[in-house]
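Numbering (this note's numbering), first residue to last: 4 to 284.
For each residue, glycine too, the CB sits at the ideal point set by N, CA and C.
Since the model is a prediction, treat every value here as computed from it, not as a measurement.
In what follows, a structure is listed as structure tokens, so that the remarks can point back to it.
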């Protein structure tokens, strides 16, 4: 977000992070997103486990390739249960937010460009923040690893929760990674092409899906009609055990990371075991 005539150091003239979020806009577009989400026969469980108010951090496993349906499934259910006025935001990659015509629309829906300062500002203002720390690494994990939590050792989400002293709600989904078939992540190719330096992209995947068959991950495919289930888990209360200084303690951060990912993997194993067949669910 940009503002003209911003005086350096004068916060009163700077736009607040997330200030463009527009509940009226969400109410207008919700029927369209509901229709889209219904294609995946969505089921979202566990709203009774959520804290009554923010701030808190929702951490999910990211799935579905170039058009991941996990967030629309979660948000449409959230708005039905708790209303569009609740200050819920989601972090998005800078590459996506920088696309022409996309960023301004997404900010009205509560999208925030992923960054430590932006994420911290949302939580310190009492907001609720949804984060998929696995990012492009996880969202393009190969088909055989579709039921694995793969955050790629990214510890920033743990440091954020510790620094801001907020509880973490794991949001575990199954089925979204059956909407296409990821054949390869393409990390080596991305490195050779310099995508990390240019766009902060660490993968150049190869995916299989209709109508084009095998294509690079940048080309959209029509999602397969896999049933998507999301479970909101009991909050993890690190602030009851650690103070904000623990965000700088590598041992504590890694222990919390292992607790988070192992907790989510147990839930994902259970959800995956409920599915008799891929896609059909």
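If you follow the beta strand (DSSP E) that residue 92 is part of, which residue opens it and which one closes it?
The sequence position of residue 92 within the chain shown is 89, counting from 1. Note, residue 92: beta strand (DSSP E), 91 to 95.
In the DSSP assignment, find the unbroken alpha helix (DSSP H) run with residue 134 in it and report its ends.
Here residue 134 refers to the residue found at position 131 when the chain shown is read from its first residue. Element bounds for residue 134: not the alpha helix (DSSP H) but the beta strand (DSSP E), 131 to 134.
Given 8 Å, three or more beta-carbon pairs between the segment 87 to 104 and the segment 17 to 29
Contact annotation: the segment 87 to 104 touches the segment 17 to 29, with at least three C-beta pairs closer than 8 Å.
Could you give the C-beta distance for residue 235 and residue 53, rounded to a whole number, given that I count them as a contact under 8 Å?
Position 232 of the chain shown, counted from the start, is the residue given in the question as residue 235. Position 50 of the chain shown, counted from the start, is the residue given in the question as residue 53. So it is a contact: roughly 6 Å between Cβ atoms.
Can you tell which of 59, 241, 233, 222 has its C-alpha closest to the C-alpha of residue 43?
If you number the chain shown from 1, residue 43 lands on position 40. The residue from 59, 241, 233, 222 with its alpha-carbon nearest to that of residue 43 is 233.
Under the three-state DSSP convention, the category residue 41 falls into
Mapped onto the chain shown, residue 41 falls at position 38. Correct three-state label for residue 41: helix.
Flag this pair as touching only if the segment 60 to 71 and the segment 105 to 116 have three or more C-beta atom pairs under 8 Å; answer yes or no.
Touching, no, given that fewer than three Cβ pairs across the two stretches are closer than 8 Å.
Is residue 128 helix, strand or coil by DSSP?
Along the chain shown, read from residue 1 onward, the residue named residue 128 stands at position 125. If DSSP states are grouped into helix, strand and coil, residue 128 belongs with coil.
Report the option in 30, 70, 247 whose CA atom is closest to the CA atom of residue 180.
The residue labelled residue 180 in the question sits at position 177 within the chain shown. Out of 30, 70, 247, 70 has the C-alpha closest to the C-alpha of residue 180.
Beta-carbon spacing of residue 73, residue 283 below 8 Å
Taking the first residue of the chain shown as position 1, residue 73 is located at position 70. Taking the first residue of the chain shown as position 1, residue 283 is located at position 280. No, these two residues do not count as a Cβ contact at 8 Å.
Which residue spans inside the segment 50 to 110 form an unbroken alpha helix (DSSP H) run of at least 4?
The segment 50 to 110 contains these whole alpha helix (DSSP H) runs: 73 to 85, 97 to 100.
Which two residues bound the contiguous alpha helix (DSSP H) that contains residue 176?
The count along the chain shown starts at 1 and reaches residue 176 at position 173. First-last for residue 176: 171 to 177, but that is the beta strand (DSSP E), not the alpha helix (DSSP H).
DSSP puts residue 276 in a beta bridge; with which residues?
Position 273 of the chain shown, counting from 1, holds the residue named residue 276. When DSSP reads this structure, residue 276 sits in no beta bridge, so it has no partner.
Taking the beta carbon of residue 263 as the centre, do at least 16 other beta carbons fall within 10 Å, making it buried, or is it exposed?
Sequence index remark: in the chain shown, residue 263 carries index 260 (1-based). Residue 263 is buried by the Cβ-count criterion.
Suppose you measure from the CA of residue 137 to the CA of residue 157; what does that come to, to the nearest Å?
Counted from its first residue, the chain shown places residue 137 at position 134. Counted from its first residue, the chain shown places residue 157 at position 154. Residue 137 and residue 157: Cα-Cα distance of roughly 7 Å.
When the Cα of residue 51 is compared with those of 37, 81, 36, which residue comes out closest?
Residue 51 sits at position 48 when you count from the first residue of the chain shown. For residue 51, the nearest C-alpha among the options comes from 81.
Using beta-carbon positions only, say whether residue 222 and residue 170 come within less than 8 Å of one another.
For the purposes of this step, residue 222 is identified with residue 219 of the chain shown, where counting begins at 1. For the purposes of this step, residue 170 is identified with residue 167 of the chain shown, where counting begins at 1. Not a contact, by the Cβ cut-off of 8 Å.
Can you find the residues in the same chain that come closer than 6 Å, C-beta to C-beta, to residue 163, ignoring five residues on each side of it along the sequence?
The residue labelled residue 163 in the question sits at position 160 within the chain shown. Apart from the 5 residues on each side of it in sequence, residue 163 sits with its Cβ closer than 6 Å to the Cβ of 122 in its chain, given in chain order.
Quick one: what does DSSP say residue 138 is sitting in, helix, strand or coil?
Looking up residue 138 in the chain shown gives position 135. Correct three-state label for residue 138: helix.
With 16 as the cutoff for other CB atoms within 10 Å, does residue 154 come out buried or exposed?
By one-based count along the chain shown, residue 154 stands at place 151. Residue 154 should be labelled buried.
Report yes if the CB atom of residue 220 is closer than 8 Å to the CB atom of residue 184, and no otherwise.
Taking the chain shown and counting its residues from 1, the one referred to as residue 220 is at position 217. Taking the chain shown and counting its residues from 1, the one referred to as residue 184 is at position 181. 8 Å or more divides the Cβ of residue 220 from the Cβ of residue 184.
Given residue 130 as reference, the closest of 148, 58, 276, 151 once Cα atoms are compared:
One-based indexing of the chain shown puts residue 130 at position 127. Residue 58 is the option with its Cα nearest to residue 130.
Grouping DSSP H, G and I as helix and E and B as strand, with all else coil, what is residue 119?
Reading the chain shown from its first residue, position 116 is the one you call residue 119. In this structure, DSSP gives residue 119 a helical state, which the three-state scheme calls helix.
Three-state class that DSSP yields for residue 182 in the structure shown
Counted from its first residue, the chain shown places residue 182 at position 179. In the structure shown, residue 182 adopts coil according to DSSP, grouped into three states.
For residue 48, the first and last residue of its enclosing beta strand (DSSP E)
Counting from 1 along the chain shown, the entry for residue 48 is found at position 45. Run containing residue 48: 46 to 48, per the beta strand (DSSP E) assignment.
Close beta carbons around residue 78, own chain, < 6 Å, minus the five adjacent residues each side:
If you number the chain shown from 1, residue 78 lands on position 75. The beta carbon of residue 78 is closer than 6 Å to none in its chain, skipping five residues each way along the sequence.
Burial state of residue 166, where buried means 16 or more other Cβ atoms lie within 10 Å
Within the chain shown, numbered from 1, the residue matching residue 166 stands at position 163. The residue is buried, with at least 16 neighbouring Cβ atoms inside 10 Å.
Straight-line Cα distance separating residue 109 from residue 99:
Locating residue 99 in the chain shown gives position 96, where the first residue counts as 1. Locating residue 109 in the chain shown gives position 106, where the first residue counts as 1. Distance between residue 99 and residue 109, taken at the CA atoms: about 10 Å.
Decide if residue 8 is buried, meaning its Cβ has at least 16 other Cβ atoms within 10 Å, or exposed.
Position 5 of the chain shown holds residue 8. Summary for residue 8: the model assigns pLDDT 30, below 50, so the residue's position carries little reliability, and this model does not support an answer.
How long is the line joining the alpha carbons of residue 268 and residue 152, rounded to whole angstroms?
Here residue 268 is taken as the residue at index 265 of the chain shown, counted from 1. Here residue 152 is taken as the residue at index 149 of the chain shown, counted from 1. About 6 Å.
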